[in-house]
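Structure record follows, encoded as structure tokens.
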Amino acid sequence: MIACCVFDAYGTLFNVHSAVCKFQRILGDKYASVSALWRQKQLEYTWLRSLMGLYVPFDQITADSLQYSLQVHGFQDDSSKVNLLDAYKRLDCYEDVPSCLNQLKENDFTTAILSNGTLPSLESLVDCANVAPLFDQLISVSEVQVYKPHPSVYDLVTRKFQVPRQNVAFISSNCWDAIGASNFGFQVFWLNRSESVADVLPGNFTTIYNLNQLLNVVQRL
1 MIACCVFDAY GTLFNVHSAV CKFQRILGDK YASVSALWRQ KQLEYTWLRS LMGLYVPFDQ
61 ITADSLQYSL QVHGFQDDSS KVNLLDAYKR LDCYEDVPSC LNQLKENDFT TAILSNGTLP
121 SLESLVDCAN VAPLFDQLIS VSEVQVYKPH PSVYDLVTRK FQVPRQNVAF ISSNCWDAIG
181 ASNFGFQVFW LNRSESVADV LPGNFTTIYN LNQLLNVVQR L
């Protein structure tokens with residue numbers, strides 16, 4: 001039986017590309033490419049720093065990866081970086097997020113976020129999206145100073161809620177994150193918003209395509 005529903009934040013609840021979309025006029029036709037490379041490098045830097053044992057907070061990784069992307073695309077203006085980083089603290093949440101969370105709370109599920117993000121950044125995101133009251137806890141990897149998909153990150157959930165791994169439903173739109181959580185022992189739901197192909201790695205998960213599907217499948221476990 002599922003005791004709590006734990007969500008990834010970036011890309012799952014919050015649209016990571018919404019920051020750049022707010023500055024299309026400044027970035028011109030490069031805006032989508034800037035955003036894609038920013039996100040790619042952001043993830044790569046978390047994995048590489050975890051492998052090298054060189055942890056820095058996610059805010060720093062976000063700034064470093066943005067700087068790389070802007071330089072690649074020929075943008076040297078520091079004000080663009082400052083504005084984009086500020087917008088990253090106020091990412092748009094997906095339309096299905098509030099309804100999903102309300103459904104879960106109405107059915108007495110404990111809800112939480114488990115994220116690479118720092119606690120202040122997560123607090124900013126949920127406050128700006130007006131969903132803060134719908135979460136029982138925000139959990140950041142900063143407590144263990146290593147990034148997903150390291151097992152110690154997922155173990156934060158079992159330690160905080162004192163529940164067996166198999167009683168945790170974990171939801172992520174990042175397939176690699178879903179696979180990491182699956183191998184840790186969670187009941188995992190890959191939120192495949194873009195109908196992508198799954199990574200060829202070991203792991204068991206259920207695929208859903210929007211968050212409004214979640215309650216029904218969780219209640220059946």
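Per full-length UniProt numbering, the very first residue in the sequence shown carries number 1; after that it's consecutive.
Cβ coordinates follow ideal geometry from the N, Cα and C atoms, glycine included.
Small disclaimer: the values here were computed from a predicted structure and weren't measured.
Query: Sequence-distant residues of its chain with Cβ nearer than 7 Å to Val144 (five each side left out); Result: Ser152, Val153, Leu156
Query: As assigned by DSSP and simplified to three states, the class of Val197; Result: coil
Query: contact_flag[the stretch 73 to 87, the stretch 51 to 58] where n(CB pairs < 8 Å) is 3 or more; Result: no
Query: Inside the stretch 130 to 200 only - beta strand (DSSP E) runs reaching at least 3 residues; Result: 137 to 140, 168 to 172, 187 to 191
Query: Gly11 versus Ser142 - alpha carbon distance; Result: 19 Å
Query: Three-state secondary structure assigned by DSSP to Ile208; Result: strand
Query: Beta-carbon separation (whole angstroms), Glu201 vs Ser173, contact threshold 8 Å; Result: The sequence given here places Leu at residue 201; Glu does not occur at that position. That pair is no contact at about 16 Å.
Query: Of the residues Ala87, His150, Ala178, Leu66, the one placed nearest Ile208, counting alpha carbons only; Result: Ala178
Query: Rounded straight-line distance, which links the Cα of Asp199 to that of Leu133; Result: In the sequence as displayed, the identity of residue 133 is Pro instead of Leu. So the alpha carbons of these two residues sit roughly 34 Å apart.
Query: 8 Å Cβ cutoff met for Cys128 and Leu13; Result: no
Query: Helix, strand or coil at Phe23 according to DSSP, with G and I counted as helix; Result: coil
Query: Rounded straight-line distance, which links the Cα of Leu101 to that of Thr118; Result: 21 Å
Query: Through-space distance from Ser194 to Pro166, alpha-carbon basis; Result: Looking at the sequence itself, residue 166 is Gln, so the reference to Pro does not match. Distance between the alpha carbons of Gln166 and Ser194 is about 27 Å.
Query: C-alpha gap between Phe135 and Ala112, whole angstroms; Result: 5 Å
Query: Separation of Trp176 from Gln213, as counted between CA atoms; Result: 21 Å
Query: For Thr12, three-class secondary structure by DSSP; Result: coil
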